[in-house]
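**Student:** Before I ask anything, let me first share the structure, which is written out below as structure tokens.
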Amino acid sequence: MSIRARLLLIAALATLVPALLLLARFVQDRSAAVAADTQRLAMIAQRTAEDLDNRIRGTAQLHYGLARAGDLATEDRAACSAFLSQVRAAYPQYTGILTIRPDGRLFCDSLQTGRELDLTNRDYFRRALVTREQVVLEPTFGRLTGLAVMQVAYPVRDAQGALRFVLLASLDLQKVASLDGLSVPGARLLIVDAKGVVLAAAPAAVPGMKPGEAIAGSPLFDFATAPGAAQTAPITLADGQDFHWARAAGTVLQQAQLHVLAGAPNTSLVAAADRRYAQDVALLAGMALALFASLGLLAELALRRPIARMQGLAQQLSAGELGARIAPPLPRGELGALMAALNQAAQSLQAQREDISQLNQRLLQSQRMEAIGQLTGGVAHDFNNLLTVVLGNAELLAEQSAGDPLREPLARMIVEAGQRGAALTQQLLAFARKQPLAPSAVDVNQLVAGMDALLRRTLGEHIEIELVRGAGLWTAMVDPAQLESALLNLCLNARDAMRGGGRLTLETANAAFDADYARQHPDLAAGQYVMLAVSDTGSGIPPELLSRVFEPFFTTKAKGKGTGLGLAMVYGFLKQSSGHVTIYSEPGHGTTVKLYLPRAHGGAPAADMPAGEPLQRGAAETVLVVEDDAAVRQLACRELRALGYQVLDADSGAAALVVLRSEQPVELLFTDVVMPGGMSGRELADAARRLRPGLRVLYTSGYTENAIVHHGRLDPGVQLLPKPYRRAELARAVRQALE
Numbered sequence: 005m006s007i008r009a010r011l012l013l014i015a016a017l018a019t020l021v022p023a024l025l026l027l028a029r030f031v032q033d034r035s036a037a038v039a040a041d042t043q044r045l046a047m048i049a050q051r052t053a054e055d056l057d058n059r060i061r062g063t064a065q066l067h068y069g070l071a072r073a074g075d076l077a078t079e080d081r082a083a084c085s086a087f088l089s090q091v092r093a094a095y096p097q098y099t100g101i102l103t104i105r106p107d108g109r110l111f112c113d114s115l116q117t118g119r120e121l122d123l124t125n126r127d128y129f130r131r132a133l134v135t136r137e138q139v140v141l142e143p144t145f146g147r148l149t150g151l152a153v154m155q156v157a158y159p160v161r162d163a164q165g166a167l168r169f170v171l172l173a174s175l176d177l178q179k180v181a182s183l184d185g186l187s188v189p190g191a192r193l194l195i196v197d198a199k200g201v202v203l204a205a206a207p208a209a210v211p212g213m214k215p216g217e218a219i220a221g222s223p224l225f226d227f228a229t230a231p232g233a234a235q236t237a238p239i240t241l242a243d244g245q246d247f248h249w250a251r252a253a254g255t256v257l258q259q260a261q262l263h264v265l266a267g268a269p270n271t272s273l274v275a276a277a278d279r280r281y282a283q284d285v286a287l288l289a290g291m292a293l294a295l296f297a298s299l300g301l302l303a304e305l306a307l308r309r310p311i312a313r314m315q316g317l318a319q320q321l322s323a324g325e326l327g328a329r330i331a332p333p334l335p336r337g338e339l340g341a342l343m344a345a346l347n348q349a350a351q352s353l354q355a356q357r358e359d360i361s362q363l364n365q366r367l368l369q370s371q372r373m374e375a376i377g378q379l380t381g382g383v384a385h386d387f388n389n390l391l392t393v394v395l396g397n398a399e400l401l402a403e404q405s406a407g408d409p410l411r412e413p414l415a416r417m418i419v420e421a422g423q424r425g426a427a428l429t430q431q432l433l434a435f436a437r438k439q440p441l442a443p444s445a446v447d448v449n450q451l452v453a454g455m456d457a458l459l460r461r462t463l464g465e466h467i468e469i470e471l472v473r474g475a476g477l478w479t480a481m482v483d484p485a486q487l488e489s490a491l492l493n494l495c496l497n498a499r500d501a502m503r504g505g506g507r508l509t510l511e512t513a514n515a516a517f518d519a520d521y522a523r524q525h526p527d528l529a530a531g532q533y534v535m536l537a538v539s540d541t542g543s544g545i546p547p548e549l550l551s552r553v554f555e556p557f558f559t560t561k562a563k564g565k566g567t568g569l570g571l572a573m574v575y576g577f578l579k580q581s582s583g584h585v586t587i588y589s590e591p592g593h594g595t596t597v598k599l600y601l602p603r604a605h606g607g608a609p610a611a612d613m614p615a616g617e618p619l620q621r622g623a624a625e626t627v628l629v630v631e632d633d634a635a636v637r638q639l640a641c642r643e644l645r646a647l648g649y650q651v652l653d654a655d656s657g658a659a660a661l662v663v664l665r666s667e668q669p670v671e672l673l674f675t676d677v678v679m680p681g682g683m684s685g686r687e688l689a690d691a692a693r694r695l696r697p698g699l700r701v702l703y704t705s706g707y708t709e710n711a712i713v714h715h716g717r718l719d720p721g722v723q724l725l726p727k728p729y730r731r732a733e734l735a736r737a738v739r740q741a742l743e
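Here our numbering = 1-based position in the sequence shown + 4.
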């Protein structure tokens, strides 16, 4: 079903409510009209009865006055008739006024006919003969006029009570039957005698209800004569018409045996309500047609066309055109909001596509890092073992060749080459985030200040160094040695970018990242950080190269001037430390690298290691050396003996356990971490401490994997001497482990 059809259906349902209300009002109006008009009919009937009662009372008073008038106490018939004629002229409600002798003969009348009439057979005359001081009533048709009258007879007696004459006034009933005043549409008024003969009617020409016609035996007459019945009732007449009738009540009516009825056909009573209903229906139909037309136009302009625009956008999006948008202007209201939401959804889809592209790039970067990590892990152990042997023997060779101008430089060159190889391996491990870290609470301001002299010597006098220390700087949770190495790498890169000299600025400050920023950088957690910025005024980095500066082996320097691992090492160190690094550069103006180090919560800053301390020697303590590489094992044993220690050696964990189960004293277990044979250095240390609780352990390794390092950090209580190591480093590590 189309939207237009749905709207028209809704409009039809909406018009149903007013239609039902209109129908309910119509029914209510009809009922109210019938009730009100029925009440008016009852008022008409009762008013007519009261009017007849008043006229009869007035006639009785007239009789009392005429009975005492001397003009009627005469034998002059003509004079008497003339007098009554004058009275009748003054009271036109009477058809005639006459006097009847006691023998029943007409004496004089207001019509002055002079006719001779015998009225002894009239009921009102017979009753008047035996009545005293009150009128006698009889509804009938007048003999002289033929009109329906109420005969009001009054016996006039002398002082002795003898009947002098009967005074008769004929009250015109048709003048009583009037619908003036309280009019009801189609109303009819009937005055009916006890036999069911219609004496007077208004209007007088209605068939079946004309004066002189009888309604005896009809439901209407039954209603009029039923004792104790309601004053109103719906009645169906003989011709099938439905009427509402009302009847009047009163003692005069009962005395005269009259019934006053007022009625009206139902069609007349509800005609006004029907007309209003027809008008309302016509108005509602017109409004409904206008509403349907308006809704059709509205559906076209405000719904179908906007929806067509949205449908077009959806089709474009489904076809992959994520740059498509609904062009402004957008309509107001919900459709406009929906269009804006669709545009926003399209924008989000486009952003998601860009994010997916960035994620793919990150995935490729992660895969490259993983590949380098696997490569590093594969060669670092054996390569560092070789470098340990090379550096150790080169150092001995340099000592033995001291003063020999031919061999001493060669030995020093071997030492330097070994150190460069060790640094290269360390940089690879740093980028792959596989170097063991020992983070502690570090005062970055103090660390930078402590490197001031080293940096000035290293960078040269043509570089101006400025330190901007942040006030109230938090301590950072970071490996201080690795931070020094990273800072030195950044400063050397800055020096190379400022060939003709410049200014190097080191700045520290507190920083915080909110959740929105963290969502854009998945490797970063929202929270507080310590910022260390390195800024130079050098040549800068072109924008097209800026996104690649942290890749391993990528460098902007000339060939042979750099390994391309300096920034990669910094990047890996920061990520492994749960930190963050950003770089900003503008060609010709310089570069700024910002390191964000996680804030340390609690703990005092680590104390600096004293520089240039003398070589620490042993006091004949026994050290068990466990190393699977024979050359490295021989070198370690020789160096330890030269330092004054008793040395035992084993080429595997199993062989070391044999020694530990013996009675030979062992103060320190110096073991490689990665060894063949199914037992690592950590497993050996755990087994050794079960045999000899409290045994001191010093680990050494060129690549630790996850044995003693988790999440890039050394396990608590673990001491590690990384390979390759030199004699001074070995001496210091052994003394620290023993002490």
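Cβ atoms here follow ideal geometry from the backbone N, Cα and C, with glycine treated the same way.
With H, G and I counted as helix, E and B as strand and the rest as coil, what does DSSP make of E671?
**Tutor:** Coil, per DSSP.
**Student:** Would you mind working out which of T63, D243, A73, A331 sits nearest A157, comparing C-alpha positions?
**Tutor:** Looking at the Cα atoms, T63 is the closest of the given residues.
**Student:** What residue range does the beta strand (DSSP E) around T124 cover?
**Tutor:** It is not in any beta strand (DSSP E) - T124 carries neither H nor E in the DSSP assignment.
**Student:** Would A741 and L672 be called neighbours here (beta carbons separated by less than 8 Å)?
**Tutor:** Cβ distance < 8 Å, so A741 and L672 count as in contact.
**Student:** Can you grab the Cα-Cα spacing for the pair M613 / M455, in whole Å?
**Tutor:** Summary for M613: the model assigns pLDDT 46, below 50, so the residue's position carries little reliability, and this model does not support an answer.
**Student:** Can we say the segment 138-155 touches the segment 38-53, given the rule of at least three CB pairs closer than 8 Å?
**Tutor:** Flag = no, the segment 138-155 and the segment 38-53 do not touch.
**Student:** I want to know whether the segment 157-177 touches the segment 224-237 - three or more CB-CB distances under 8 Å.
**Tutor:** No, they do not touch.
**Student:** What does the alpha-carbon distance come out to for the pair Y521 and G583?
**Tutor:** Their Cα atoms are separated by approximately 14 Å.
**Student:** Check the DSSP bridge columns for Y4 and list the partner residues they point to.
**Tutor:** As displayed, the chain neither begins before 5 nor continues past 743, which places residue 4 out of reach and without an answer.
**Student:** Given 8 Å as the limit, is there contact between the segment 286-295 and the segment 14-31, that is, 3 or more CB pairs closer than that?
**Tutor:** Segments in contact, yes.
**Student:** Work out the CA separation of Q371 and G568 for me, nearest whole Å.
**Tutor:** Model confidence at G568 stands at a pLDDT of 48, short of 50, so the residue's coordinates are unreliable; what they give is reported in the following sentence. In a straight line, the C-alpha of G568 is about 18 Å away from that of Q371.
**Student:** Starting from L664, follow the alpha helix (DSSP H) in both directions and report where the run begins and ends.
**Tutor:** 657-665 is the extent of the alpha helix (DSSP H) around L664.
**Student:** Just to confirm before moving on: does the CB-CB distance between A266 and L193 stay below 8 Å?
**Tutor:** For A266 and L193, yes; Cβs fall inside 8 Å.
**Student:** Which term fits V630, buried or exposed, when burial requires 16 or more other beta carbons within 10 angstroms of its beta carbon?
**Tutor:** Flag for V630 reads buried.
**Student:** For R4, which beta-bridge partners are listed by DSSP?
**Tutor:** What the structure shows of the chain is the stretch from 5 to 743, and residue 4 is not part of that stretch, so it cannot be assessed.
**Student:** For L346, I'd like the list of residues in its chain whose CB is within less than 7 Å of its CB, leaving aside the five on either flank, ordered along the chain.
**Tutor:** These residues qualify, in order along the chain: M314, L317, I330.
**Student:** Report the CB separation of A277 from A40 in whole angstroms; it is logged as a contact under 8 Å.
**Tutor:** Actually they are not in contact, since the Cβ atoms of A277 and A40 sit about 11 Å apart, beyond 8 Å.
**Student:** In chain order, which continuous runs of the alpha helix (DSSP H) of length 4 or greater are located wholly inside the segment 449-493?
**Tutor:** Correct list: 456-463.
**Student:** Using DSSP with H/G/I as helix, E/B as strand and the rest coil, what is G267?
**Tutor:** DSSP places G267 in strand when its eight states are reduced to three.
**Student:** Considering just the uninterrupted stretch of the alpha helix (DSSP H) at E142, what are its terminal residues?
**Tutor:** E142 -> not in any alpha helix (DSSP H); beta strand (DSSP E) instead, spanning 140-145.
**Student:** The alpha helix (DSSP H) that contains Q90, what's its start and end?
**Tutor:** Its alpha helix (DSSP H) spans residues 81-94.
**Student:** Should D359 go down as buried or exposed, given a rule of 16 or more other Cβ atoms within 10 Å for buried?
**Tutor:** The residue is exposed, with fewer than 16 neighbouring Cβ atoms inside 10 Å.
**Student:** Going by other Cβ atoms of all chains shown within 10 Å of its Cβ, with 16 needed for buried, is S684 buried or exposed?
**Tutor:** The residue is buried, with at least 16 neighbouring Cβ atoms inside 10 Å.
**Student:** Relative to the C-alpha of E625, which residue among E590, F674, I587 is closest?
**Tutor:** For the residues E590, F674, I587, the minimum Cα distance to E625 belongs to F674.
**Student:** Does the segment 521-530 come within contact of the segment 476-485, defined as at least 3 CB pairs closer than 8 Å?
**Tutor:** Flag = no, the segment 521-530 and the segment 476-485 do not touch.
**Student:** Tell me, to the nearest whole angstrom, how far the beta carbon of V538 is from that of N514; I am working on the premise that it is less than 8 Å.
**Tutor:** Rounded, the Cβ-Cβ distance is 17 Å, inconsistent with contact.
**Student:** Please state whether the Cβ-Cβ distance between G100 and S174 is less than 8 Å.
**Tutor:** For G100 and S174, yes; Cβs fall inside 8 Å.
**Student:** Using a Cβ-Cβ cutoff of less than 6 Å, which residues in the same chain neighbour A132 once the five nearest sequence positions on both sides are dropped?
**Tutor:** Excluding residues within five positions, the ones whose Cβ falls inside 6 Å are V140, A157, P159, V170.
**Student:** Which word fits R44, buried or exposed, when buried means at least 16 other C-beta atoms lie within 10 angstroms of its C-beta?
**Tutor:** Buried, since its Cβ has 16 or more Cβ neighbours within 10 Å.
**Student:** Identify, in the order they occur along the chain, each residue of the same chain with its Cβ nearer than 6 Å to the Cβ of Q65, setting aside the five sequence neighbours on each side.
**Tutor:** Excluding positions up to five away in sequence, the list is empty.
**Student:** Pick from R696, Q320, R637, G648: whose alpha carbon is nearest that of V663?
**Tutor:** Of the candidates R696, Q320, R637, G648, the one whose C-alpha sits nearest the C-alpha of V663 is R696.
**Student:** Would you kindly check if the distance between the Cβ of R416 and the Cβ of A406 is under 8 Å?
**Tutor:** Contact: no.
**Student:** Are N388 and P728 close, meaning C-beta to C-beta below 8 Å?
**Tutor:** The answer is yes: Cβ separation under 8 Å.
**Student:** Can you tell me whether DSSP reads L735 as helix, strand or coil?
**Tutor:** One point to set straight first is that residue 735 is Ala, not Leu, in the sequence displayed. Three-state DSSP puts A735 in a helix.
**Student:** In the segment 183-263, which residue ranges form an unbroken alpha helix (DSSP H) of at least 4 residues, counting only runs that do not cross its ends?
**Tutor:** Those alpha helix (DSSP H) runs which fall completely within the segment 183-263 and span 4+ residues are 223-229, 255-260.
**Student:** Of the choices R136, A181, L183, whose alpha-carbon is the least far from that of Q164?
**Tutor:** Here the closest residue by C-alpha is R136.
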